[in-house]
Amino acid sequence: MNFFYHPSPPPITIDSSHSEFMKLSYSDRVDRCVPHIEQHFDEWRDKWRTALTDASTSHLKPPISYAPLDDPEATGQAIVNSHLAVVNYAEKLAPTDEGQNVLSCVYSPALKEGPITAHPISLSS
């Protein structure tokens with residue numbers, strides 16, 4: 066028996082716990098999310114459209130455009146529709162950790178800003 070052997074932890078995937086997934090850098094999270102989103106996007110898109118149609122809340126008339134993840138020429142509404150389809154899945158249909166992990170890729174990380182400074186014109190003068 067080798068007492069010095071310590072198996073490495075399993076790789077972090079989109080299905081890992083959210084706390085483990087958030088230990089990754091933003092770029093590493095995106096690297097894990099993009100293939101997952103690409104693999105399931107058509108299914109998520111169809112579920113989103115069905116939910117809108119069933120709720121009678123869709124104002125968009127077919128055909129509805131969507132933006133592939135790798136399309137640098139995608140336009141406004143297509144990008145919005147694709148974003149909404151992914152967010153709908155992540156927020157409403159996905160298992161908790163998977164949904165939170167997908168959202169951590171879709172929403173940009175909080176940017177660090179400098180210290181808050183007082184307005185240059187002081188009201189007390």
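Just so we're aligned, residue 66 is where the sequence shown starts under this note's numbering, counting upward by one. Backbone N, C-alpha and C fix where the C-beta goes; we use that ideal spot for every residue, glycine too.
Cβ-based burial, residue i [other Cβ within 10 Å; buried from 16]
i: A150; result: buried
i: Y70; result: exposed
i: F86; result: buried
i: S73; result: exposed
i: S121; result: exposed
i: S81; result: buried
Euclidean distance between Cα positions of residue i and residue j
i: Y131; j: P76; result: 32 Å
i: L117; j: E108; result: 14 Å
i: D135; j: E103; result: 9 Å
i: H83; j: Y172; result: 15 Å
i: E138; j: D162; result: 32 Å
i: H148; j: Y154; result: 10 Å
i: W113; j: V152; result: 9 Å
Element boundaries [alpha helix (DSSP H), containing residue i]
i: D162; result: T161 to V171
i: L134; result: Counting along the chain, L134 falls outside any alpha helix (DSSP H), and DSSP gives it neither H nor E.
i: L149; result: G141 to N153
i: D96; result: Y91 to D119
Same chain, Cβ closer than 8 Å to residue i, neighbours up to 5 away in sequence not counted
i: V99; result: L134 and C170
i: T140; result: S130 and A132
i: I79; result: F86, R97, C98, H101, E163, N166 and V167
i: A256; result: For the chain, the structure presents residues 66 to 190; residue 256 sits outside this window and is missing.
i: S190; result: Note that S190 has pLDDT 44, beneath the 50 cutoff, so the model's placement of it is unreliable and the number below is only indicative. For S190, where only same-chain residues beyond five positions count, there are no Cβ hits under 8 Å.
Close Cβ partners of residue i (< 7 Å) along its chain, the five nearest in sequence each way excluded
i: H184; result: At H184 the pLDDT is 49, less than 50, meaning the model places this residue with poor confidence; the figure from the coordinates comes in the next sentence. Taken in chain order, the list of residues that qualify is empty.
i: N146; result: I129, S130 and Y131
i: V95; result: C170
i: Q142; result: S130
Sequence-distant residues of its chain with Cβ nearer than 6 Å to residue i (five each side left out)
i: D119; result: none
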